[in-house]
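Taking this note's numbering, the leading residue of the sequence shown gets 5, the next gets one more, and so forth.
Data first, discussion second: the structure below is written as structure tokens.
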Amino acid sequence: MSASHARIWVGIDAGKGHHWAVAVDADGETLFSTKVINDEAQILALIETARERAAEVRWTVDISGRASTLLLALLVTHGQQVVHVPGRTVNRMSGAYKGEGKTDAKDARVIADQARMRRDFAPLDTPPELVSVLQVLTHHRADLIADLVRLINRLRDLLVGICPALERAFDYSAAKGPVVMLTEYQTPAALRRIGVKRLSIWLERRKVRGAGTVAAKAVEAAQAQQIALPGEKRAAKLVCDLAHQLLALDERIKDNDREIRETFRTDERAEIIESMPGMGPVLGAEFVAVVGDLSGYRDAGRLPSHAGLAPVPRDSGRRTGNMHRPKRYNRRLRWLFSMSAQTAMMRPGPSRDYYLKKRGEGLLHTQALLALARRRVDVLWAMLRDKRLFTSTPPVTQAA
């Protein structure tokens, strides 16, 4: 048990409640396999045990998210080298090992063995405080938007059972006025009783934009239905409750967006990123939360590859030049570049000119949009590299 090795590899199958750690030597022999509670004292004991077994310890984890935050922080603080083995790699390589069973111990063994045999896994480090805060805020915003969509869908479903014409009359996801109206008036009979004039005054007192238009459309929809549908009263109470929840959730999203904007603009790169058309503070914060300080991207080609905007070859035999859309990429990064490109191409400028050029070459809308997003990744990379704000005309190359 006290034999010392020059180098060992420790693979950790991370989890929320506990981790499983397996150490292997240069020959692939297992040195120890143990369960470690996700607790500071037990993780420190694991680090000390590994240090006693070898002069150099290489650590490998399969999860780089919240479940392994404490583990990574303690490893980095104690000067340990950590790399990340993707879960897809672990899943596929498990089939090459003896036995069909799947256990945490086996996964940790595979993780350690892959790190021993390969040198191309990405190193891990604890992100800066700013990046960590933006990750928390942007993930929370995604959860709030998902809740908003869910509430709107439930609201519309209930309104169909009360008055289909009223459900069709408004886009409740884009306008706040109709939602305010539903906090008090949900049924056709109630809308007919109050009438257009009094409903308009009621909405104006609550600072609803276009109160007259909202009132007219609502009463017109109510006039189209004279019958009361079964379960209308109970459904109306649920619509009232959902409308109040939507208004409260909208305020929470606004507060979250304001905090994202204020936090993002403390980054020295914020002004450069926001100067690019289509990159507002929310998308800029998403970008910083995903890429960090760009130290994980050795050149300009790695960023579009991570975003799934660079085609990958799929050649075989004499079939060459066969390019396909990648399957392994960061969905969030691809989404933010696509949203940025779509926003930019709707306004006059070089982005719209490039989009129209691609459409003129026969590309479909989605293809032209992805081509524009790919081009904008290179532009953003160059801006951050040179610390230069965006300009519609390219910079003049200086003679050496």
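For glycine and all other residues, C-beta sits at the position ideal for the given N, C-alpha and C.
Just to confirm, is the Cβ distance from residue i to residue j under 8 Å?
i    : j    : result
G216 : G181 : no
P285 : I257 : no
A293 : V40  : no
V87  : T64  : yes
A247 : V183 : yes
V218 : R196 : no
Y359 : M349 : yes
K225 : L170 : For the record, residue 225 in the displayed sequence is Ala; it is not Lys. In contact: A225 and L170 (Cβ atoms closer than 8 Å).
L138 : A289 : yes
V116 : A27  : The sequence shown places Ala at residue 116, rather than the Val named in the question. Yes, the pair counts as a contact, with Cβ atoms nearer than the cut-off.
C244 : L207 : no
N334 : H310 : yes
Y176 : I156 : yes
Quick one: what does DSSP say residue i is sitting in, helix, strand or coil?
i    : result
M327 : strand
R62  : strand
R70  : helix
R11  : strand
D17  : strand
A289 : helix
P317 : strand
T397 : coil
L233 : coil
A126 : strand
Q84  : coil
M5   : Reliability of the predicted coordinates at M5 is poor, the pLDDT of 42 falling under 50, and no value is obtained from them.
F174 : coil
Y189 : coil
G353 : coil
R392 : coil
K180 : coil
M97  : helix
A225 : helix
T370 : helix
L376 : helix
T270 : coil
R197 : helix
E263 : helix
T107 : coil
N157 : helix
Check the DSSP bridge columns for residue i and list the partner residues they point to.
i   : result
H22 : I41
S3  : Look at the range of the chain in this structure, 5 to 404, and you will see that residue 3 is not part of it.
T34 : V28
Can you give the Cα-Cα distance for residue i and residue j, rounded to whole angstroms?
i    : j    : result
T81  : D259 : 34 Å
M5   : D124 : Its pLDDT being 42, under 50, M5 is placed unreliably by the model, and nothing is read from it.
K1   : G300 : A query on residue 1 cannot be resolved here, the shown segment of the chain reaching from 5 to 404 and no further.
F36  : A77  : 23 Å
S68  : L128 : 8 Å
A146 : E272 : 25 Å
P354 : V89  : 40 Å
L373 : R356 : 10 Å
A112 : L393 : 46 Å
K361 : T370 : 14 Å
I47  : L75  : 7 Å
S279 : T270 : 15 Å
G103 : A59  : 32 Å
A18  : P281 : 40 Å
D319 : A252 : 54 Å
F341 : A228 : 44 Å
T191 : K241 : 10 Å
V1   : I277 : Outside the displayed span of the chain (5 to 404) sits residue 1, for which this structure offers no information.
I12  : Q84  : 12 Å
T34  : P131 : 31 Å
P234 : D254 : 31 Å
G321 : P330 : 20 Å
V212 : H328 : 50 Å
R351 : L368 : 19 Å
A386 : G364 : 27 Å
I149 : D261 : 11 Å
Would you grab the beta carbon distance between residue i and residue j for me? Rounded to a whole angstrom, and I think it's under 8 Å.
i    : j    : result
R338 : L313 : 7 Å
L388 : L250 : Wrong, their Cβ atoms sit about 38 Å apart, outside the cutoff.
P308 : R378 : 6 Å
G15  : N42  : 16 Å between Cβ atoms; not a contact.
V94  : V114 : 5 Å
G105 : D66  : Between D66 and G105 the Cβ distance is about 18 Å, and since that is not below 8 Å, they are no contact.
A232 : A193 : 7 Å
R62  : A119 : 6 Å
I166 : E275 : That pair is no contact at about 50 Å.
R57  : H9   : 6 Å
Please indicate yes or no: does the CB of residue i lie closer than 7 Å to some heavy atom of the ligand NAD?
i    : result
E224 : Absence of the ligand NAD from the depicted structure is noted, as is the absence of any ligand whatsoever, leaving it without description.
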